[in-house]
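First comes the structure, then the notes that go with it.
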Amino acid sequence: MDRIHILVLNYNGVELLAECLPSVVAAAKRSYRPCDVSVVDNGSTDDSLRYLKQSWPEIGVIRSDNHGLASYNDISIISTDRTLILLNNDIRLAEDAIDPLVDALENQPDAFFAAPLCWNRDGSVYEGMRTRVRSRFGLVQGMCRVPGYEDSIHQADLTASAGPVLAVDRARFVALGGYDPIYFPGRIEDLDLGFRAWLAGTRGYYVPESVAFHHGFATFEKTFGSEGCERLAYRNTFLFVWKNLRGARLIAHWFWTPIRLAHAIATGRRAFIAGFIEALGRSRQAIAARRGVRDRYGADWGEKQEAFFARFRW
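Here our numbering = 1-based position in the sequence shown + 3.
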């Protein structure tokens with residue numbers, strides 16, 4: 004039986020590790036599959052490493068430069084495991100969360116990733132990961148709490164993306180190139196991964212039999228503040244569009260962008276303006292990545308793009 008490797012991404016999150024890691028270890032022990040648990044530490048300067056050494060000596064620690072979610076990329080290349088479960092450090096798992104995710108990957112021949120039903124920290128509010136997408140005023144938006152979501156959160160389905168917790172087919176993750184570091188330090192890179200997986204003919208599965216709990220922006224908001232998180236979301240949404248979209252959706256983007264910028268200036272929406280300016284600073288990277296999408300998918304790019312938006316429309 005193939006081993007499962009659970010990777011917990013951490014940066015200065017000792018309090019989150021103390022809160023969440025016990026549930027991850029318990030879920031690994033509950034699985035009928037052999038599971039290893041490792042923490043991928045992105046250069047923490049708090050007490051994370053000391054805590055892990057003292058409290059969890061049996062857990063492996065993989066030290067990495069801080070590339071955000073793209074830190075998983077190099078690890079996935081050298082790994083020999085068939086399945087990786089990628090967790091943020093602010094995720095708690097239900098005890099029986101592992102096996103339904105891995106079952107979905109093994110039972111669906113086109114599966115790229117599988118994502119659980121995710122609640123907020125205390126289980127009172129649904130967070131995802133049944134993600135839907137839309138184009139609106141020239142930008143792309145991914146959402147889980149879409150109109151009528153209450154009626155479908157316990158129904159298995161495809162999902163456009165999953166961020167803080169997902170199981171991936173390692174070989175397909177490597178073949179796709181993993182997370183794109185253009186989005187560092189984060190936001191929207193999960194939608195980019197899901198979109199590229201779709202273009203490649205693979206799919207993301209929403210598996211509500213698996214349950215997780217998410218602290219939510221515990222690291223990001225502490226580091227960047229609420230306005231900084233909003234700025235990163237706008238910046239990376241621009242990059243996503245410039246990299247991935249074509250045809251009428253790209254034309255609509257360039258039609259609406261000056262209008263939205265003028266409105267942002269008039270109303271003092273600094274996060275939108277700053278996000279656009281920062282995206283311009285990475286535009287060459289986005290254009291280079293766009294060439295890669297064009298070269299890889301060619302004439303099928305536009306058709307597959309529209310199929311993606313049609314399948315996940317809300």
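All C-beta atoms, glycine included, are put in the ideal place defined by N, C-alpha and C.
By alpha-carbon distance to residue 303, the top candidate from 275, 203, 85, 162 is 203. The three-state reading of DSSP puts residue 201 in helix, counting H, G and I together. Around the C-beta of residue 246, 16 or more other C-beta atoms lie within 10 Å, and the residue is accordingly described as buried. Spatial neighbours of residue 161 in its own chain (CB-CB distance under 6 Å, excluding positions within 5 residues in sequence) are listed in chain order as 206. In the three-state DSSP reduction, residue 232 falls in the helix class (H, G or I). Sequence-distant partners of residue 28 (beyond 5 residues in either direction) whose C-beta falls short of 8 Å from its own C-beta, in its chain, are 40, 59, 62. Here DSSP, grouped into helix, strand and coil, assigns residue 311 to helix.
The three-state secondary structure of residue 7, taken from DSSP, is strand. When the five nearest sequence neighbours on each side are left out, the beta carbons in the same chain lying within less than 8 Å of the beta carbon of residue 13 are those of 19, 20, 42, 43, 44, 45, 47, 51, 92, in order along the chain.
Buried is the label assigned to residue 135, since at least 16 other Cβ atoms lie within 10 Å of its Cβ. From the listed residues 292, 79, 226, the smallest Cα separation to residue 178 is found for 79.
Closest by C-alpha distance to residue 30, out of 278, 181, 49, 215, is 215.
Each residue's CA atom was taken as its position, placing residue 170 and residue 300 some 25 Å apart. The Cβ atoms of residue 184 and residue 70 lie closer than 7 Å to each other. Listed as beta-bridge partners of residue 117 by DSSP are 170, 208. At the C-beta level, residue 88 and residue 9 come within 7 Å of one another. Fully enclosed beta strand (DSSP E) runs of no fewer than 3 residues occupy 86-91, 94-96 of the segment 78-105, in order along the chain.
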